[in-house]
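Numbering (my numbering), first residue to last: 13 to 310.
Every residue gets a Cβ at the ideal spot worked out from N, C-alpha and C, and that includes glycine.
Some notes on the structure that comes next.
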Amino acid sequence: MQRLRSLKRRLTAGAAPLALAAALSFSPLPAFAATDGPTWAPTASERLVKLPTVYLKKSIDRDFQSSGLAAAIRDRTDELGSTQQAILELQDAMEMAEGEVRIELKHQLLAHKQAFVQALGTRIDLQRREAETRAKLYEKLLDRIGAEEAAMTPARQELVAAQHLARQRFESAIGDVDMDVFGSGAEMSRYSEKYAENRAAIEALAAKIAAHPMNRMPVFDGEEMDRKTYLQRLAEDSRTTLALLGQEEELLGYMGKLVALDAMALHDEIATAQAEEQGIDPDQAGVELSDAARLFLN
């Protein structure tokens, strides 16, 4: 009896008011200001712009993983895992419990569900920050690339193209010129032989660099993408993530309402059990205002 009254006091002081408020308006996400809490502040630096395209996202991912925001997301994920395990264990225990023990387990289960919803809401908020930060970073990188392209006037572009062709012609002819100087065939000196070895090594290294994975274009759906298209795709993916988080927030709202209803049901169950122990009809446990009014008429 004493334990039942203790449970009722705990529920009346905490879970029931929370349940009524949650049933009317449930908002599991913390009301953080834009600068509150853990953050991640990457910059669209020149170094980042100049990275090989396929290495770009890996560099951004590494920077994020070392941030306070990533650490907070990991902490909330760990918390969700342990809370979920506790909920499962409590549900299993309830199947074999009866009476006051079962009511106590229900109270613990309600508290863990409440904690789960709050932790999940916090993680959604943190993940939204990550997705928004990524989208802004990719857009800034696109702006920088666009500015560089705009700075290349038609005359400048033509000059760069001419220089590139001239360099190709020079590189294709330089070997023949140098080998003529050193001699060829049986008359090749030890210097010309060394030169040929060095040139072969240079060409092998150049081919290796050209074929290196870091110099390859990213591939999506079997199609190679240049740097600009790749960044546009990454920004689009971040916006898609934001849409999915919006769906998860809606799902979280329903989970919160179920927790509120469970709290109300537990409060009612305890009140009913207490009334029955006292020999009171639960339906007549309240005081009718009309009956109370007669006290003042006599």
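Express the C-alpha separation of K269 and R74 in angstroms, rounding to a whole number. Residue 74 sits at position 62 when you count from the first residue of the sequence shown. Residue 269 sits at position 257 when you count from the first residue of the sequence shown. Their Cα atoms are separated by approximately 38 Å.
Rounded C-alpha distance that separates A105 from T253: Translated into the one-based positions of the sequence shown, residue 105 becomes position 93. Translated into the one-based positions of the sequence shown, residue 253 becomes position 241. Taking the straight line from one Cα to the other gives about 38 Å.
Using a Cβ distance threshold of 8 Å, determine whether the region 119-134 contacts the region 235-245, with at least three qualifying pairs required. no
Bounding residues of the alpha helix (DSSP H) (the contiguous stretch that carries A82): On the sequence shown, residue 82 is found 70 positions in, with the first residue counted as 1. Note, A82: alpha helix (DSSP H), G80 to M106.
Apart from the five residues on each side of it in sequence, which residues of its chain come closer than 6 Å, Cβ to Cβ, to I5? In the structure as shown, the chain starts at 13 and stops at 310, and residue 5 therefore has no counterpart that could be examined.
Note down the Cα distance separating T51 from T145, rounded to an integer number of angstroms. Looking up residue 51 in the sequence shown gives position 39. Looking up residue 145 in the sequence shown gives position 133. T51 and T145: Cα-Cα distance of roughly 9 Å.
Answer with buried or exposed for A277, where buried requires no fewer than 16 other C-beta atoms within 10 angstroms of its C-beta. Translated into positions along the sequence shown, residue 277 becomes position 265. So A277 ends up on the exposed side.
CB-CB under 8 Å to Q103, same chain, minus the five flanking residues each way: which ones, in chain order? Mapped onto the sequence shown, residue 103 falls at position 91. Here the set comprises L121.
Report the three-state DSSP secondary structure of S57 (helix, strand or coil). Within the sequence shown, numbered from 1, the residue matching residue 57 stands at position 45. Coil at S57, not helix or strand.
N- and C-terminal bounds of the alpha helix (DSSP H) containing T51: On the sequence shown, position 39 is the one that residue 51 refers to. Element bounds for T51: n/a, residue is neither H nor E.
Straight-line Cα distance separating D90 from A216: Walking along the sequence shown from the start, residue 216 turns up at place 204. Walking along the sequence shown from the start, residue 90 turns up at place 78. Distance between the alpha carbons of A216 and D90: 49 Å.
Cα separation between K148 and L246? Locating residue 148 in the sequence shown gives position 136, counting from the first residue. Locating residue 246 in the sequence shown gives position 234, counting from the first residue. Approximately 11 Å, taken between the alpha carbons.
What would DSSP say about M237, mapped onto helix, strand or coil? The residue given as residue 237 occupies position 225 in the sequence shown. If DSSP states are grouped into helix, strand and coil, M237 belongs with coil.
Helix, strand or coil: how does DSSP classify L256 here? Along the sequence shown, one-based indexing puts residue 256 at 244. Looking at L256 - three-state DSSP - the assignment turns out to be helix.
Using a Cβ distance threshold of 8 Å, determine whether the region 78-88 contacts the region 60-69, with at least three qualifying pairs required. no
Residues in its own chain within less than 7 Å of K69 by CB, not counting five upstream and five downstream? Walking along the sequence shown from the start, residue 69 turns up at place 57. Within the same chain, K69 has close Cβ partners L246.
Closest to D274 by C-alpha separation, out of R156, A283, L264 and H119, would be which residue? Stepping through the sequence shown from its first residue, residue 274 is reached at position 262. D274 has its Cα closest to that of H119, out of R156, A283, L264 and H119.
Look at the alpha carbon of V113 and the alpha carbon of H279, and state the distance between them as a whole number of angstroms. Taking the sequence shown and counting its residues from 1, the one referred to as residue 113 is at position 101. Taking the sequence shown and counting its residues from 1, the one referred to as residue 279 is at position 267. So the alpha carbons of these two residues sit roughly 15 Å apart.
Buried/exposed call for L138, threshold 16 Cβ in 10 Å: For the purposes of this step, residue 138 is identified with residue 126 of the sequence shown, where counting begins at 1. Label assigned to L138: buried.
Tell me the residue span of the alpha helix (DSSP H) that contains A68. Position 56 of the sequence shown, counted from the first residue, corresponds to residue 68. It is Leu, not Ala, that sits at residue 68 in the sequence shown. First-last of the alpha helix (DSSP H) with L68: T65 to Q77.
Taking the CB atoms as reference points, tell me whether R140 and L257 lie closer together than 8 Å. As a working note, residue 140 is residue 128 in the sequence shown. As a working note, residue 257 is residue 245 in the sequence shown. Their beta carbons are under 8 Å apart, which means R140 touches L257 by this criterion.
Going by other Cβ atoms of all chains shown within 10 Å of its Cβ, with 16 needed for buried, is T95 buried or exposed? Mapped onto the sequence shown, residue 95 falls at position 83. It is buried - the Cβ of T95 has at least 16 other Cβ atoms within 10 Å.
So what does DSSP say about E144, is it helix, strand or coil? Along the sequence shown, one-based indexing puts residue 144 at 132. Residue state, collapsed to three classes: helix.
Report the three-state DSSP secondary structure of A277 (helix, strand or coil). The residue given as residue 277 occupies position 265 in the sequence shown. Note: A277 maps to helix in three-state DSSP.
Straight-line gap, Q244 to V66 (C-alpha atoms, nearest Å): Working through the sequence shown from its first residue, we reach residue 244 at position 232. Working through the sequence shown from its first residue, we reach residue 66 at position 54. Approximately 14 Å, taken between the alpha carbons.
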